[in-house]
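Scroll down for the structure; my scribbles are underneath it.
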């Protein structure tokens, strides 16, 4: 995917994979920082020895919400930039499913398929992505979801055929 596209090009990408991010390593330092930020210190996330002894995972795993939050970095890494965009807004998620735990030290990446794009009002384009976070060397993904975002732009830049 190119690094920049026009607002008038977005709807032509519906049904296409529009991005595949670089791999991100989810290490214990990242997991511990997320635990501190969210006050979620469950042992399966922050205590490697206990998690190895008492959990079915063989060690610590990332919080599901940490994995989900990495989509922002993945988005910036791989999706084409819309030339006319003045701001991006996270509208929310539908059907988030945590499929496979991400073990500490694993690498993950995001796969983005544009499933819908609709103009709303004078200066907004609502986009829906089918997103998958893959785990390196795992058959099942870490998560799948529908991610809804809004591309905000100056109304004067709205394509005439929209």
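Residue numbers (the working numbering): 124 to 285.
We put the CB at the ideal spot given by N, CA and C, even for glycine.
Keep in mind it's a predicted model, so treat the numbers as computed, not measured.
### Query
Excluding the five sequence neighbours on either side, which residues of its own chain have a C-beta within less than 8 Å of the C-beta of residue 170, listed in chain order?
183
#### Entry: beta strand (DSSP E) runs contained entirely in the stretch 195–250, provided each spans 3 or more residues
208–221, 229–243
### Task
Look at the alpha carbon of residue 238 and the alpha carbon of residue 255, and state the distance between them as a whole number of angstroms.
13 Å
### Task
Evaluate residue 227 with the Cβ neighbour count: other Cβ atoms within 10 Å of its Cβ, from every protein chain shown; 16 or more gives buried, anything less gives exposed.
buried
### Query
When DSSP labels each residue in this structure, what does residue 268 get in the three-state scheme?
strand
### Query
At what residues does the alpha helix (DSSP H) containing residue 152 begin and finish?
151–161
### Query
Hey, out of 222, 235, 179, 152, whose CA is closest to residue 142's CA?
235
### Message
If contacts are defined as beta-carbon pairs under 8 Å, then residue 149 and residue 231 qualify, I think. What distance do you get, rounded to the angstrom?
### Response
6 Å
### Query
Of the choices 146, 128, 284, whose alpha-carbon is the least far from that of residue 202?
128
### Query
Taking all protein chains shown into account, do 16 or more other C-beta atoms lie within 10 angstroms of the C-beta of residue 159, making it buried, or fewer, making it exposed?
exposed
### Task
Let me know the secondary structure DSSP gives residue 137 once reduced to three states.
coil
### Query
Which of the three DSSP states, helix, strand or coil, is assigned to residue 283?
coil
### Query
Which value, in whole angstroms, describes the spacing of the CA atoms of residue 167 and residue 262?
22 Å
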